[in-house]
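Engineer: In the working numbering, the protein residues as written are 7 to 261.
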Ligand code: PGA
């Protein structure tokens, strides 16, 4: 039994006023939703304002990244305790924009996964292949390698607390959504890998979100697939109606 989990990744797409308005709008519209888990990940500087609005609501929140070191001389970085100070529950790690624009390796993502778990945060760990890798037929190898690298040394008990997001890089922000069959194939492969590494009991409870151009009109078909347990949503999480459309489309799906 896996509860669906819909998370919004707001990226660098707002200012304070719009972040607050979005949080207020979602809080009001999602108030009656009990069937799925919901979260939003604002930019770091808007976390305090969003936290104040969402406190006590059914919408969790978190960050889009975190550094792995504890307090110290790390100019420009944010540590896990700074996120838990504001009661963040989640942190997105290894998003493709961090892997490919900022050059983050799975080794670095792995350190962040361990730091997040040690702080009691739920890591949402992204994996996904480039278009060239899909075309070269190495989709499975790429995703398996990113999984193994990102979760190296994570215990079975901790693995159960993690969320995976499969985000084919070619589908992010492009409007080119993976077909439900393409996405299901990778999700099933990742679950099979988790079973190899951790056993069925762990693999059965870990949620694997799909991300990449999820919208209200494709969410239900994607999330109805047996191994797709939610969505990590970029563009469509920036408007209350669009995000609620995804949530409402998936409320009746049971895993
Ligand atoms: P998108 O972004 O929904 O805009 O494609 C997804 C993501 O980057 O998490």
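Note that CB positions come from ideal geometry on N, CA and C, so glycine has one too.
Quick caveat, the model's predicted, so the values are computed rather than measured.
Taking the straight line between their C-alpha atoms, what separation do you get for residue 220 and residue 239?
Structural biologist: Using only the alpha carbons, I get a separation of about 6 Å.
Engineer: Suppose you measure from the CA of residue 194 to the CA of residue 15; what does that come to, to the nearest Å?
Structural biologist: If you take the alpha carbons of residue 194 and residue 15, they lie about 24 Å apart.
Engineer: Do residue 6 and residue 11 have their CB atoms nearer than 7 Å?
Structural biologist: Absent from the model: residue 6. The displayed extent of the chain is 7 to 261, so no value can be given.
Engineer: Write down every uninterrupted run of the alpha helix (DSSP H) in the region 203–234 whose length is 4 residues or greater and which is fully enclosed by it, in chain order.
Structural biologist: Counting whole runs of 4 or more residues, the region 203–234 contains the alpha helix (DSSP H) stretches 206–209, 222–229.
Engineer: Closest by CA to residue 57, which one among 189, 30, 135, 175?
Structural biologist: It is 30 whose Cα lies nearest to the Cα of residue 57.
Engineer: Under a Cβ-count criterion, where at least 16 other Cβ atoms within 10 Å of its own Cβ denotes burial, should residue 48 be classed as buried or exposed?
Structural biologist: That one is buried.
Engineer: The ligand PGA heavy atoms versus the CB of residue 234: any closer than 6 Å?
Structural biologist: Checking the Cβ of residue 234 against the ligand PGA gives no.
Engineer: Pair every Cβ in the region 242–261 with every Cβ in the region 202–209, then say whether three or more of these pairs are closer than 8 Å.
Structural biologist: In short, these stretches do not touch, since the Cβ pair count stays below three.
Engineer: Indicate whether the contact test is met: 3 or more Cβ pairs, each with one atom in the region 27–45 and one in the region 72–88, closer than 8 Å.
Structural biologist: The region 27–45 is not in contact with the region 72–88.
Engineer: May I have the straight-line CA-CA distance separating residue 174 from residue 144, to the nearest angstrom?
Structural biologist: One C-alpha to the other measures close to 12 Å.
Engineer: Determine the extent of the beta strand (DSSP E) in which residue 128 is found, giving its start and end residues.
Structural biologist: Note, residue 128: beta strand (DSSP E), 128–133.
Engineer: Can you look up residue 73 in the DSSP assignment and give me helix, strand or coil?
Structural biologist: Coil.
Engineer: Would you call residue 233 buried or exposed, if buried means 16 or more other Cβ atoms sit within 10 Å of its Cβ?
Structural biologist: Residue 233 comes out buried.
Engineer: Beta strand (DSSP E) containing residue 47: first to last residue?
Structural biologist: Taken as a continuous stretch (DSSP letters only), the beta strand (DSSP E) holding residue 47 covers 43–47.
Engineer: Contact between the region 131–146 and the region 163–174: three or more CB pairs below 8 Å?
Structural biologist: Yes, they touch.
Engineer: Compare the Cα-Cα distances from residue 93 to each of 127, 151, 225 and report the closest residue.
Structural biologist: For the residues 127, 151, 225, the minimum Cα distance to residue 93 belongs to 127.
Engineer: Can you give me the start and stop residues for the beta strand (DSSP E) that residue 238 sits inside?
Structural biologist: Taken as a continuous stretch (DSSP letters only), the beta strand (DSSP E) holding residue 238 covers 236–239.
Engineer: Taking the alpha carbon of residue 76 as the reference point, which residue from 113, 147, 118 has its own alpha carbon closest?
Structural biologist: The option with the nearest alpha carbon to residue 76 is 118.
Engineer: Regarding residue 238 and the ligand PGA, is the C-beta to nearest heavy atom distance less than 6 Å?
Structural biologist: Under cutoff, so the answer is yes.
Engineer: Between residue 107 and the ligand PGA, is there a pair consisting of the residue's CB and a ligand heavy atom that are separated by less than 6 Å?
Structural biologist: Outside the cutoff, so no.
Engineer: Tell me the rounded alpha-carbon separation between residue 73 and residue 120.
Structural biologist: One C-alpha to the other measures close to 11 Å.
Engineer: If I follow the unbroken beta strand (DSSP E) through residue 12, where does it start and stop?
Structural biologist: From DSSP, the beta strand (DSSP E) with residue 12 extends over 11–15.
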